[in-house]
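Numbering-wise, this note's numbering comes out as the position in the sequence shown, counting from 1, plus 4.
Think of the CB as a built atom: it goes at the ideal place given N, C-alpha and C, for glycine as much as any other residue.
Reading through the structure tokens given below for one structure.
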Amino acid sequence: MSVATTDLADVLSRYEVVLGLEVHVELGTRTKMFCSCPTTFGAEPNTQICPVCLGMPGALPVVNAVGVESAIKIGLALGCDIAQWCRFARKNYFYPDMPKNFQTSQYDEPICFDGAIDVDVDGKPVTVAIERAHMEEDTGKSLHVGGATGRIHGATHSLLDFNRAGIPLVEIVTKPIVGAGADAPAIARAYVAAIRDIVRALGVSDARMDQGSIRADVNVSLMPIGATEFGTRTETKNVNSLRSVERTVRFEMLRQAEVLDGGGVIHQETRHFNEATGETMGGRVKETATDYRYFPEPDLVPLAPEREWVEKLRAELPELPAAKRARLRSEWGLSELDMQAIDNAGAFDLIEATVSAGASPESARKWWLGELSRYANEHDAELAELTATPAHVAELQSLVDGGRLTDKLARTVLSGVLAGEGTPAEVMAARNLEVVNDTGALTAAVDEAIAANPDVAAKVRDGKVAAAGVLVGAVMKATRGQADAKSVRELIIARLTAE
């Protein structure tokens, strides 16, 4: 459904929003959580399966030690307490892509609990409290064929791929986020971005939202201002981009307000976000914890991480994103306002990688926040999705710094890179865009411009050097913009004042 109003301020004049975010991180282990099947992304369907991950009778699971270690690292980075004793539980429900008819997860005894991280929203620090981070396994994947949307409605048939079944996950669950107000969409986006950056820094996941290795379930509810009891929440499942997380929160706030204002009732249900329309669509009635009939997993012994091991992992944690951000801000000589612009554009990692590839912080920031941000906005894309990479941007700036391209020509070359024509050097060569440095050719073009504009030349000879702009323009036109305007100007003045 579409909504009649797009005014969040109007909604917030009557309701308070409550958020809850569940981020699922697919761990980058070589094998699955409870068996030795590989986890290679993109493999042929149903080629990475075995009796354990298919739930065959008599098959017994074995815990992946690297998965446990990764979960502890995530918990430590989120400021969580690490359980001295925890265990797995069976979460019972039926879904076609879950072959065992239960998911091996953790319920009331998670490995990590009571954490918090700070996120930056328009220069304001916001603390998001974390309820727990627990280990579980992923489900398989249903492919609905024959419909227009890729969902089951309208499909002619469905296919099941169990390669993903059993891949280790860590689910990070926030405590209710109250008092966010108009910042709620931005806080949700910033939090998911922060989790993505942390797990990447830890090296426990590639955190590629486009491949589903990190995805968010977005819980939203509204309650009348002054109320003490939370409203009924909806849970929009498997949101797989930062922009979509933000749009989901905004749409659900508007939709729920419209339903409540009309005397309707919000149902506790799962929903799905439609990228094309920017709207959420109803799914199924959302179960409660009792519906899942949790009970301890009888085939796995409890876990009791040794304190010495936990402290060793704590000491080995890498520099986390917040600390790195502060360090690089100082090294790059940027203001907090500059860093906010970089964060808002989602360009921090890209700029860092561009600087690492040889560009200066100033030039890297110029390209990513300038031409590339403009292009991304025009094409409704994220910066990280563009064809141009940090290596391309560093190479482009190197060509400018070496005098082989002007800034104007570099922008033309960049458009070719974005169009998939190759690297900056390849595009420059293919389009014949390199700056004309042939002194003889430049001198001939200058002499032709002087001869064609005798009145202007006379003014320059008389000391009116501002008039040289006309001659520079003529030379730039003759060289198709491939001459360096500053060099041309200096050559014109030298030719006319030497006569």
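Checklist entry - By how many angstroms is the C-alpha of Ala-198 removed from the C-alpha of Ala-361? => result Here the question's residue 361 lines up with position 357 in the sequence shown. Here the question's residue 198 lines up with position 194 in the sequence shown. Looking at the two C-alpha atoms, the distance is approximately 24 Å.
Checklist entry - Pick from Gly-407, Lys-412, Ala-456, Thr-393: whose alpha carbon is nearest that of Thr-427? => result By 1-based counting over the sequence shown, the position of residue 427 is 423. Ranking the options by Cα distance to Thr-427, first place goes to Thr-393.
Checklist entry - How should Lys-412 be labelled, buried or exposed, when 16 other C-beta atoms within 10 angstroms of its C-beta is the threshold for buried? => result The count along the sequence shown starts at 1 and reaches residue 412 at position 408. Exposed, since its Cβ has fewer than 16 Cβ neighbours within 10 Å.
Next on the checklist: Can you check which of these residues, Asp-126, Arg-259, Ala-169, Met-139, is closest to Asp-14 by C-alpha distance?
Outcome noted: Numbered from its first residue, the sequence shown carries residue 14 at position 10. When each option's Cα is compared against that of Asp-14, the closest is Arg-259.
Item to check | Through-space distance from Leu-246 to Asp-142, alpha-carbon basis | outcome: Position 138 of the sequence shown, counting from 1, holds the residue named residue 142. Position 242 of the sequence shown, counting from 1, holds the residue named residue 246. C-alpha separation (whole angstroms): 21 Å.
Checklist entry - In chain order, what residues of the same chain have a beta carbon less than 7 Å from the beta carbon of Ala-192, not counting five sequence neighbours either side? => result For this step, residue 192 is matched to residue 188 along the sequence shown. Around Ala-192: Leu-23, Leu-25, Val-222, Val-249, Glu-250, Val-253.
Next on the checklist: Leu-80 and Ile-134 - do their beta-carbons sit closer together than 8 Å?
Outcome noted: Counted from its first residue, the sequence shown places residue 134 at position 130. Counted from its first residue, the sequence shown places residue 80 at position 76. Not closer than 8 Å, so no.
Checklist entry - Can you tell which of Ser-419, Gly-71, Ala-363 has its C-alpha closest to the C-alpha of Lys-36? => result Here the question's residue 36 lines up with position 32 in the sequence shown. Nearest of Ser-419, Gly-71, Ala-363 to Lys-36, Cα basis: Gly-71.
Checklist entry - Where do the N-terminal and C-terminal ends of the alpha helix (DSSP H) with Tyr-195 fall, by residue? => result As a position in the sequence shown, residue 195 is number 191, starting the count at 1. Unbroken alpha helix (DSSP H) run through Tyr-195: 188-206.
Next on the checklist: Mapping the DSSP letters down to three states, classify His-383 as helix, strand or coil.
Outcome noted: On the sequence shown, residue 383 is found 379 positions in, with the first residue counted as 1. Reduced to three states, the DSSP call for His-383 is coil.
Checklist entry - Of all the beta strand (DSSP E) runs that stay within the bounds of the stretch 202-260, which reach a length of 3 or more residues? => result 218-228, 238-243
Next on the checklist: Given this structure, state the Cα-to-Cα distance separating Asn-457 from Leu-373, to the nearest angstrom.
Outcome noted: Taking the first residue of the sequence shown as position 1, residue 457 is located at position 453. Taking the first residue of the sequence shown as position 1, residue 373 is located at position 369. Answer to the nearest angstrom: the Cα atoms are 40 Å apart.
Checklist entry - Is the stretch 157-171 close to the stretch 227-240, with three or more CB pairs under 8 Å? => result no
Next on the checklist: Would the stretch 416-423 count as touching the stretch 390-407 if we require 3 or more Cβ pairs under 8 Å?
Outcome noted: yes
Next on the checklist: Looking at the strands, I want to know which residues DSSP matches up with Asn-96.
Outcome noted: The sequence position of residue 96 within the sequence shown is 92, counting from 1. Asn-96 is bridged to Phe-106.
Checklist entry - So, Leu-341 versus Ile-202, is the Cβ gap smaller than 8 Å? => result Locating residue 341 in the sequence shown gives position 337, counting from the first residue. Locating residue 202 in the sequence shown gives position 198, counting from the first residue. Taking 8 Å as the Cβ cut-off, Leu-341 and Ile-202 do not qualify as a contacting pair.
Checklist entry - Which term fits Asn-381, buried or exposed, when burial requires 16 or more other beta carbons within 10 angstroms of its beta carbon? => result Translated into positions along the sequence shown, residue 381 becomes position 377. Exposed: under 16 other Cβ atoms inside 10 Å.
Next on the checklist: Distance check for Gln-52 and Asp-295, CA to CA, integer angstroms please.
Outcome noted: The residue you call residue 295 lines up with position 291 of the sequence shown. The residue you call residue 52 lines up with position 48 of the sequence shown. The alpha-carbon atoms of Asp-295 and Gln-52 are separated by roughly 31 Å.
Item to check | Three-state class that DSSP yields for Glu-141 in the structure shown | outcome: For the purposes of this step, residue 141 is identified with residue 137 of the sequence shown, where counting begins at 1. Looking at Glu-141 - three-state DSSP - the assignment turns out to be strand.
Checklist entry - Cα separation between Leu-31 and Val-174? => result Mapped onto the sequence shown, residue 31 falls at position 27. Mapped onto the sequence shown, residue 174 falls at position 170. Between Leu-31 and Val-174, the C-alpha separation is close to 7 Å.
Checklist entry - Below 8 Å, can you find three or more Cβ-Cβ pairs linking the stretch 311-324 to the stretch 336-351? => result no
Checklist entry - Bridge partners of Ser-146, per DSSP? => result As a first step, residue 146 is located in the sequence shown; it is residue number 142 there, counting from the start. DSSP lists Leu-164 as partners of Ser-146.
Item to check | Which of helix, strand or coil DSSP assigns to Tyr-296 | outcome: The residue labelled residue 296 in the question sits at position 292 within the sequence shown. If DSSP states are grouped into helix, strand and coil, Tyr-296 belongs with the helices.
Checklist entry - Roughly how many angstroms lie between the CA atoms of Ala-159 and His-276, to the nearest whole one? => result Working through the sequence shown from its first residue, we reach residue 159 at position 155. Working through the sequence shown from its first residue, we reach residue 276 at position 272. Roughly 17 Å between the two C-alpha positions.
Next on the checklist: Measuring CB atoms only, is the stretch 300-307 touching the stretch 264-272, in the sense that at least three cross pairs come out at less than 8 Å?
Outcome noted: no
Checklist entry - What separation, rounded to the nearest whole angstrom, lies between the Cα atoms of Ser-209 and Tyr-195? => result Here the question's residue 209 lines up with position 205 in the sequence shown. Here the question's residue 195 lines up with position 191 in the sequence shown. In a straight line, the C-alpha of Ser-209 is about 17 Å away from that of Tyr-195.
Next on the checklist: Taking its Cβ as the centre, do 16 or more other Cβ atoms sit within 10 Å of Arg-18, making it buried, or is it exposed?
Outcome noted: As a position in the sequence shown, residue 18 is number 14, starting the count at 1. Its Cβ having fewer than 16 others within 10 Å, Arg-18 is exposed.
Next on the checklist: Which residue wins for smallest C-alpha separation from Ala-388, given the options Gln-88, Ala-184, Ala-349?
Outcome noted: For the purposes of this step, residue 388 is taken as the residue at position 384 of the sequence shown. Among Gln-88, Ala-184, Ala-349, the Cα nearest to that of Ala-388 belongs to Ala-349.
Item to check | Local conformation of Met-37 per DSSP, three classes | outcome: Position 33 of the sequence shown, counting from 1, holds the residue named residue 37. It is coil, neither helix nor strand.
Item to check | Three-state class that DSSP yields for Gly-287 in the structure shown | outcome: Position 283 of the sequence shown holds residue 287. Strand.
Checklist entry - Whole-angstrom Cβ separation of Pro-505 and Leu-206, contact assumed at under 8 Å? => result The shown model of the chain, from 5 to 503, leaves out residue 505, and the question about it has no answer.
Checklist entry - When the Cα atoms are used, what is the spatial distance from Val-125 to Val-182? => result Numbered from its first residue, the sequence shown carries residue 125 at position 121. Numbered from its first residue, the sequence shown carries residue 182 at position 178. Straight-line Cα distance between these residues: approximately 15 Å.
Item to check | Alpha carbon of Ser-334 to alpha carbon of Arg-408, nearest angstrom | outcome: For the purposes of this step, residue 334 is taken as the residue at position 330 of the sequence shown. For the purposes of this step, residue 408 is taken as the residue at position 404 of the sequence shown. Going from the Cα of Ser-334 to the Cα of Arg-408 covers about 32 Å.
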